[in-house]
Structure formats: C-alpha cells, structure tokens
Amino acid sequence: MSLAQIEIQVIAALVATACALPGVFLVLRRMAMMSDAISHTVLLGIVLAFFLTKSLTSPLLIAGAALMGVLTVSLVELLTRTQLVREDAAIGLVFPALFSIAILLITRFAGNVHLDVDAVLLGELAFAPFNRIQIFGVDAGPAGLYVSGGILALNLLFIAIFYKELKLATFDPALAAALGFAPGVLHYAFMTLVSVTAVGAFDAVGSVLVVAFMIAPPAAAYLLADRLSHMLIYAAAIGVLSAVSGYWLAYALDASIAGSMATMAGVIFLVCYLFAPARGVMIKRRPVQA
Amino acid sequence: MTTTAVEVRDLTVAYKDKPVLWSVDMQAPSGALMAIVGPNGAGKTTLIKAILGLVRPLAGQALIYGKPYLKQRHLVAYVPQRSSVDWDFPTSVLDVVMMGRYGALGWLKRPGAAERRAALEALDKVGMVDFAERQIGQLSGGQQQRVFLARALVQNAEVYLMDEPFQGVDATTERAIVRLLQELRSQGKTVLVVHHDLQTVPEYFDWVMMLNVRRIACGPVREVFTEPNLRATYGGKIAFLNGNGVGEIQDGYRTALSQPVL
Amino acid sequence: MDIGQLFHNLFFDYTLRTVALGAAILGVVSGALGAFAVLRRQSLLGDAISHAALPGIVIAFLLTRSREPVVFLLGALAAGWAATLSIAAITRTTRIKDDSALGLVLSVFFGFGLMLLTFAQKLSDARQAGLDKFLFGQAATLLQSDVIAMATVGALALGTTLLFWKEFKLLTFDADYAASLGYPVRTLDILLTTLLVVAIVIGLQTVGVVLMSAMLVAPAAAARQWTNRLETMVGLSGLFGALAGVSGALISSAMEKTPTGPVIVLCISALVLVSLLFAPARGVVWRRLRDLRNQRRVRTAHLQP
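Chains as they are written, first to last, in my numbering: chain A, 3 to 292; chain B, 192 to 453; chain C, 1087 to 1391.
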C-alpha cells in the first residue's frame, strides 16, 4: 500500500464515521430525507459565501453552508406549518429550488472559477492526497485529513456533551420541552452540525454519497442494536468498513471510489437485512403482514 | 337454526414476530348486530381486516356464508376507521359515496347517473344530502363518519364490517348511526362493529365477540357479556361501576393492560 | 432580445421550439402523475427513483451498447421498479421507517450507478452515449426525434391514467377499501408507480436527476391550492408543469449562460409560492386577512356588548 492509498482510506474512514454519528439521530428522528435536502442546498451557501469572500478556501464558506442548511430546515418547517403541503412535499419543494439558484449562480457568474458542480455532487477522493498542507515548508499531510478529522471531532464533541438531551429529544420531544431542555434550540444546533458535516464530507465523497454515509450505516446498525449507544458504535464501525472495503472495490474495478463505498454500504446493509441476529428476514420467522 | 353469516375458524395472524390473533373462532349468525370488544392491541381491527383478506393469516380462515371472502366480495361492505384516509384529499362527499359502487362497476367503467342516484339516496339516509358537493375536509368528525357509512350503504351488501364507527363522533351522530345499524338488522343484514364503549354494548347490540388476542367469548350479549368474561378480556383490571356486569375500564388501565405473552 | 422576437423564435427557431415542446410535454406528464404521488405521500419517491435510475441506464447501455431512448427507458424502468420494491420491502419487514428507506435506496443505488458508470467509461464510449447528461439534463441537446419519443411515451402514460382513472383515484384515497371491493391493489400500485417512473425518465434528459423531483412535486403542490377536485387538480398540475416548462425554455434561451433545467424549476417554484400565498380560500394571505378581520370583530364585540 502506498502512502496515498493509506491517506485516502484514512480520510474516507474519518468521513464515514463523522457522517454515521449524526446519521443515527437522523434515522431515529425520521429526518433522513432532510440530509438529502441539506446536502444539496449547502451548495447555495457555499456559492453565496464565495461571492462575499472571493475565496474558495475561506472558512466563511463552511459558515455559509451551515447557515443554508439551517435555512433549509426552517423553510421546510415553515411550509409544513401552513398545512398547505405535507412535510415530504415541502422537502421536495425547497431543496430543488435552492439548488437551482446555486446552479444558476455558478453557471452565470462563477463559470471561470473552479467550483465544479460535478465534483460537488460526486466528489473525487482520488485527488485528496494531492491537496496538501504545508507548515513552514514541511509537508503536514493532505488537507482532507484535517477537514475530515475536524468534523469528526466536532460531531464526537457535540454528541458527547448533549448525549442525554439528544436522546430525550429524539425519543420524546414533548417531554424534553416540558423538562426545559429546549428541544427547538437543540434541534437547530443539531441540524447545523449536520450541515457542517455535509459540507466537510462532500469535498471527499460528494453530496449524494454524504447521504449514503449518513443513512446506510445507521440503518444497518438499527437492525443490529437495541441501545442508542450500541447503535452509534455499530454505525461508525459499519461506516468505516464500507469506506475501506469500498476503496478496494474501486481499486479492483478502477471505478469511482465514492460510488464503490456507497455500494459497499448498501451491500453491508443487505447482509444485515438478511442475516441480522433476531431481525434479519432470513433469520426470523417469515413475517406475514399482507 | 339460522345460517351463519360470518365464520372465523382457528384464525392466527402475526405482525412481524408478534401474534395479534391466536387461534380465534367466531360465528356471527345472519341478522346479528355484533360488537367486537377488547382492550387496545387485542386484535379487533386485525380480525376485521383478516375477514376482508387485507391481512394474510398464518393459519385458519374466514368464511362469508360458507365461502371464502374472494367469492363473496359482493356481499360485504367495509367501513374503515375514519383516520385511515387523508381527509384533505381533493374530492367531494358525493364522490366518496359513489366509490361504494366501484366494486359493482368493475374495471374501466365510469360511474354515471345511476351511481349518482344511489349515492344521493344513501346520503339522504345518513342525513348528509345537503353536503353532497362539499370537500370532505370541511366536514366534522361525525359527518365524515356518516359519509363512510353512506359509502358502505350504496354497496347494498349483506354483511357490514365497521371499524370503530363511533370513534370521535358527536352524540347526535352516534344515535343516528345506531338507528341505522338497527334498521340494517331489521332488513336481515349482518353487522359487525369494532366497539370501544363497554357501557353501550347491551343497549346497542344483541351479539358480542370478546377478544384479547384469543377469543374469550362469543355469543348473545345476555349470555356472554358477563363479569367473568369481561375480567378475562381486560386482564382483570376493570373497574365495575355497577353490579350487573356492565362496566367501564378505568382510563389509565387501557394502555397498562398487559399483553398476553405467547 | 425583445418579447416579440422571443415568441417568433418559439415557433420558428428549431432548437428553441424543440426544447420548449419537450419541456412542455415533460411538464404535463410529470405534473399530472406527480399529483398522484403527492397525494399518496410519495413526494420524495420521485427523487429516489430518479437517482436510482442511473444504474439501470448504465446496465442497459452496457448490455446493448445502444443509445436508443427506449433502451434507456427500459433500463431506468427496471431500476426504478427495483428501487421501489426495495423501499417497500425495507419498510414492511423491518423497523426502518420510510424516510430512511428512501434515503438509503436513493444514495446506494446512485452510488452503485456511479461506480458502474465510471467503470464503463474506461471501457467504452459511455460519455458519448450521453450518460453524463444524466445529472443535470441538457435540454439544448433535445432533438425533434427525442420530442416525438417523449410525446409518444407521455401520451401512453396519460392515456393509461385516464383509462384507470376510477381505480387510481380509489387506490390513492383509500387503498384498503379498494382491496375490500376486490381491486388488486398491488397491481394497481405497481402500474401507477410504473407510470411515475415513465414520467421521470421522460424528464431526465431535460432537467436531470437532481431537479426531477421538483417537476413531480411542485406542479401538484401548486395545483392543490386552487381546487378541491382531483380531476381539476391533476389537470391544473399538468398545465402548471407545461407552463413552467415553456417559460423556463424561453427565459433560458433569452439569457446567456442559463441552463434550462434550473430555470424551469425556479419558474415552477415561483408558481408554488404564488399559489401558497394567494390561492383563494387556502392561500396564506387570505387566511391571515380573515384571522385579522375575525380578531377585530371579536374585539369590537367585546367593547360594545
């Protein structure tokens, strides 16, 4: 294994873990499709922040993306509250509109800048080792390593600090409110975290596959675990497993790394679906609901 | 002896891993007005759905006048729980009632003047004819329930299966529905009703099926609606307000009632 | 470019005419079928299916080496079915809820398609086969023959919808009741979903995967605000879709460097916004005015008892 290969796998594993942790809560809170919406609309945040700063490396880009993620969530909630459309339709209305604005802005005003929409959607992990950080002229490793490590640390920190509150707000928001835990504030803080994670991750794997990493490992873990803490651990482990095995699948086929990782995440889910102890459809007695 | 309109034999149904009905037998004679009672999770709705072939049983079968449902479909009308549909659906009262004729119409044929007339007649019977052109979302709970009843009436069936028709309706509607049920009985129709309010069982119904995953008792109300059977159905945690065996469950107990472990 | 010139081009400029016509057909078909999807709470199923179509299209190309639209259609149809069935199987047999099932299937299928696509591109002329247009669509590359194909398939889909109108309406409103009447709910469900897949495939070349879901959801959401009848809603939804398609094509042809797909989506989004705010009876603005009036009435009633 070359150094570049190891670096790619480490970055992928970090991204997978960073996505799987908040993904567990998204799956449990029935907000999985919100991650799909957010992973698209953060692009608009990045574009707007880019127009402000004229720089592609400014940290303001992440701030813009996070703001746009929160805006997406609140727009969907606003639409749902009018009771004129249901939540699923609201998601389906908001994200294509914001994403379209982003595409138009990019093609009209930023055509000559390197803000490649294909790359945003699909990601290109293979190039990650080439974008290196230099400290005093010394090679300090690829930038992706710091980004993915950073978002993982952020997620770990947030979940560690607010574990009890997140658990309660996920299971019983009404009780959380009654006990004074401000589930609304926590909810928006959490959605900000999801947005930041999506931005950090899609540099590496692209926005569609951010969704794969956020949903597939937690969904598989949901079939294995009966405790929130176990589910978090299993989800992270499954994420890492799909990242590493996906890398070698891509290597064998000479195909997209991100695509192969999502494929492996799907394969692992399928294995859990069929053979999970107690819950796999091949294990338990056949279900009979028509 | 009268003929049996609805017969359930050794019916067992499970959702995922959890048994909901366990080896249930039931006979409803032709012309019976039968209440199906039991605590939450007792399998009342599932029993109705199994008779209709909407859930597949693990074992056992349900017969309508001696034959499987598939062959007797035209004899049966179903009134689902009001909450099972989207009342914001863009359609009118008349339209919903006309859906009751779709089964008789069959594939591809459009409802016409005859269906319209039948639907208006049924709406008249439930006192809703003035609301024919209303959007269904603009109705009260009781009115929505009457629309569902009208839809079943236009089917002109022999057997009516109703899932909680009294759920969330006002007192006027409840009385109107009871009158309607009794009228159906007097026409020789068989009516099975999933029911929650134990106090009204002797007043409204003449037969009762007491269910808690297993069949506890099934027969004429006078004979089987007794304190021991009620205790057996509701797990013994039932508060009797008066001494004659007709009681009301204390609210908190409803959910606390233990599920039998199988 | 002035408006008169624009309309002149709409009829006499080959490219614009083709694009506008294609967008109009897409709008009608996806608008009409999207109405059913929205009412069945399957607004995001379209998003999942359009992403999931990718592996089907790639496999169809790899198997046949043909770029015939009908080959892509069949590939997308197969993958769309597979995705829909997977989602149904996951939600029916496990504790996983439908939102997670959608997200899972959407992203995994798309990832798998991406892997296949990159694998194929190294072996063949997949890029020339037009597979890279899949993401955003390229309305400008529509040919008259494409439009004819879209119109044919679209007319078939709409014709089927009309034919089974009564059955689809019953299925959408109350599936259990439909089953109790003896209609094969599963078969009807598969048929309606197939039509939805057809609508999606028609749209892919024009607006692409990412924006396709808007073409299904938005016209229906706008139409719902104006009427309480399914017939009118489906008709209006198709009309709104077509309107957005044509105006999107016109605007994007009048301005430089504006891709058609996003402009169409913004047009239909604007229609949704107007409908939500101003539609009679349901519109937010009217409701707010009504509330204010009632408040004032109650207050004056209190002041002068």
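C-beta: ideal position from N, C-alpha, C; glycine also.
Taking 8 Å as the limit between beta carbons, can you name the residues of its chain near residue i, skipping five residues before and five after?
i	result
B:THR324	The question names Thr, but residue 324 of chain B in the sequence shown is Glu. These residues qualify, in order along the chain: SER283, VAL284, LEU285.
B:MET401	VAL228, GLY229, ILE407, ALA408, CYS409, VAL415, PHE416, ASN420, LEU421, ALA423, THR424
Could you tell me whether the Cβ of residue i comes closer than 8 Å to any Cβ of chain C?
i	result
A:ASP90	yes
A:ILE48	no
B:TYR425	no
B:VAL197	no
A:HIS232	no
B:THR363	no
B:GLY294	yes
A:ASP256	yes
A:TYR236	no
A:THR84	yes
Please report the straight-line C-alpha distance between residue i and residue j, rounded to a whole angstrom.
i	j	result
A:ALA92	A:GLY152	32 Å
A:GLY66	C:ALA1241	44 Å
A:PRO24	B:VAL412	56 Å
B:MET289	C:TRP1251	14 Å
C:ASP1185	B:THR194	49 Å
A:PHE164	A:LEU170	10 Å
C:ARG1213	C:GLN1207	Annotation note: pLDDT 47 at C:ARG1213 (below 50); position unreliable, coordinate value reported separately. Looking at the two C-alpha atoms, the distance is approximately 7 Å.
C:ASP1275	A:LEU81	28 Å
C:LEU1148	A:ASP205	30 Å
C:VAL1124	C:VAL1303	6 Å
A:MET35	B:ARG376	50 Å
A:VAL283	A:LEU276	5 Å
C:THR1247	B:LEU296	18 Å
B:PRO393	B:SER274	26 Å
B:TYR293	A:ARG281	40 Å
A:LEU158	C:ARG1178	33 Å
Quick check on the burial criterion: 16 or more other C-beta atoms within 10 angstroms. Buried or exposed for residue i?
i	result
C:ASN1380	exposed
A:GLY71	buried
A:ASP38	buried
A:PRO220	buried
C:LYS1343	exposed
B:GLN346	buried
B:TRP398	buried
C:GLU1253	buried
C:SER1333	buried
C:ARG1272	exposed
B:VAL385	buried
A:ILE285	exposed
Skipping 5 residues on each side, what residues in its chain have a beta carbon closer than 7 Å to that of residue i?
i	result
A:VAL12	LEU147
C:ALA1365	GLN1311, TRP1312
C:ALA1146	VAL1157, PHE1158, LEU1160, GLY1161
C:ASP1211	Since pLDDT at C:ASP1211 reaches only 44, below the 50 mark, its modelled position is unreliable, and the value read off the structure follows with that caveat. No residues qualify anywhere along the chain.
A:PHE97	ALA39, HIS42, THR43, THR74
Is DSSP giving residue i helix, strand or coil here?
i	result
C:ALA1330	helix
C:ARG1382	helix
B:GLY138	Any property of residue 138 of chain B remains undetermined from this structure, which presents chain B solely from 192 to 453.
A:ASN157	helix
B:GLY222	coil
B:PRO210	strand
B:VAL385	strand
A:MET33	coil
For a cutoff of 8 Å on Cβ pairs, would you count residue i as touching chain B?
i	result
C:ALA1123	no
C:LEU1248	no
C:LEU1267	yes
C:LEU1256	yes
C:ARG1310	yes
C:PHE1326	no
When you compare the CB of residue i with every CB in chain A, is at least one pair closer than 8 Å?
i	result
C:ARG1315	no
C:VAL1156	no
C:MET1201	yes
C:VAL1194	yes
C:PRO1366	no
Return the chain-ordered list of same chain residues with a C-beta closer than 6 Å to the C-beta of residue i, the five sequence neighbours on each side being excluded.
i	result
C:VAL1105	ALA1225, LEU1228, ALA1335
C:ILE1143	PHE1158, GLY1161, ALA1162
C:ARG1368	GLN1311
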